[in-house]
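**Student:** Going by this note's numbering, the sequence shown opens with residue 82, and the numbers climb by one from there. From the three backbone atoms N, C-alpha and C, an ideal C-beta is built for every residue, glycine too. In this text, all values refer to a predicted model and were calculated from it rather than measured experimentally. Structure incoming, see below.
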Amino acid sequence: MTTIIFDLGGVLLDWNPHRLYAPFFKSHPEIDQFLREINFAAWNAQQDAGRPFAEGVATLSAEFPHYADLIRAYHENWEDSVPGPIAGTVAILKQLKQAGHTLYALTNFSAETFPIMRRRYKFLQLFEYILVSGEVGMIKPDPAIYRLLLEKIDRRAEECLFIDDSATNVAAARQLGFDVIQFQSPARLESELKLRKLLA
Numbered sequence: 082m083t084t085i086i087f088d089l090g091g092v093l094l095d096w097n098p099h100r101l102y103a104p105f106f107k108s109h110p111e112i113d114q115f116l117r118e119i120n121f122a123a124w125n126a127q128q129d130a131g132r133p134f135a136e137g138v139a140t141l142s143a144e145f146p147h148y149a150d151l152i153r154a155y156h157e158n159w160e161d162s163v164p165g166p167i168a169g170t171v172a173i174l175k176q177l178k179q180a181g182h183t184l185y186a187l188t189n190f191s192a193e194t195f196p197i198m199r200r201r202y203k204f205l206q207l208f209e210y211i212l213v214s215g216e217v218g219m220i221k222p223d224p225a226i227y228r229l230l231l232e233k234i235d236r237r238a239e240e241c242l243f244i245d246d247s248a249t250n251v252a253a254a255r256q257l258g259f260d261v262i263q264f265q266s267p268a269r270l271e272s273e274l275k276l277r278k279l280l281a
């Protein structure tokens, strides 16, 4: 049986900071401009890599004091950035579990916020183990985090299928020898899994 490793945000969980910020701005382009200006992606990645949220908020607010309230709002209203699961992928996850496949997850996620997801979404219990970047101080696409997961689950990359929505993360896994699927939609994922005879 192939060991199947899922990313979570953008694959099983609908993470979208635009949703959180919608009440604070008049339009989607304004949110885009704000997120670009503060370099949100790089800032958020540091929390995913283990930096405490309070420290991250303080650092960015010092750099952009005129946006301090908006920066703080992300931490205070973080749950609004994850409106729910991606239902089609959750259904596939359940089918894979019923078919007897061993399931793991490798996610870039803050150690502070991931416990909220564990409590809220029972389907996460389908995984034998979830490696959370913020808990180990490294993030995808660093090859070290993939190697750490392989060590934890006692597998070789060649025995594993890795599913992620990020092209960069998928490329890093492929480089290490994983079979990979770049997630685009539940329907496309289902087709790819059927091609590999992992779903009937």
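#1: Pair every Cβ in the region 151–168 with every Cβ in the region 91–102, then say whether three or more of these pairs are closer than 8 Å.
#2: Terminal residues of the continuous alpha helix (DSSP H) containing Thr170?
#3: For Ala319, which three-state DSSP category applies?
#4: Could you tell me which uninterrupted beta strand (DSSP E) segments, each at least 3 residues in length, are contained entirely in the region 223–249, listed from first to last along the chain?
#5: With a threshold of 8 Å, are at least 3 pairs of Cβ atoms found where one atom belongs to the region 219–236 and the other to the region 191–205?
#6: CB-CB under 6 Å to Leu89, same chain, minus the five flanking residues each way: which ones, in chain order?
#7: Please confirm whether Val261 and Thr170 have their CB atoms less than 7 Å apart.
#8: Counting beta carbon pairs with one atom in the region 261–271 and one in the region 166–180, are three or more of them shorter than 8 Å?
#9: Please report the straight-line C-alpha distance between Gln176 and Ala135, rounded to a whole angstrom.
#10: Quick check on Gly90: does DSSP put it in helix, strand or coil?
#11: Are the beta-carbon atoms of Leu184 and Ile85 separated by less than 7 Å?
#12: Going by the beta-carbon positions, is the gap between Gly215 and Phe190 smaller than 7 Å?
#13: Three-state secondary structure (DSSP) at Tyr148?
#14: From Leu116 to Ile226, what does the alpha carbon distance come to, in whole angstroms?
#15: Taking Tyr202 as part of the beta strand (DSSP E), name the residues at either end of that continuous run.
#16: Cα separation between Thr140 and Gln206?
#17: Determine, using beta carbons only, whether Cys241 and Phe259 come nearer to each other than 7 Å.
#18: If you check the beta carbons only, do Leu257 and Pro222 fall under 7 Å apart?
#19: Taking the alpha-carbon of Val217 as reference, which of Glu118, Asp129, Asn97, Ala122 has the nearest alpha-carbon?
#20: Mapping the DSSP letters down to three states, classify Gln127 as helix, strand or coil.
#21: What does DSSP give as the partner residue(s) for Val163 in the beta ladder?
**Tutor:** With the given structure in hand:
#1: yes
#2: 168–179
#3: The chain is shown from 82 up to 281; residue 319 falls before or after that span and cannot be answered.
#4: 241–245
#5: no
#6: Ala186, Thr188
#7: no
#8: yes
#9: 39 Å
#10: strand
#11: yes
#12: yes
#13: helix
#14: 27 Å
#15: Premise fails: Tyr202 is in no beta strand (DSSP E) and is neither H nor E.
#16: 35 Å
#17: yes
#18: no
#19: Asp129
#20: helix
#21: Beta-bridge pairing links Val163 to no other residue.
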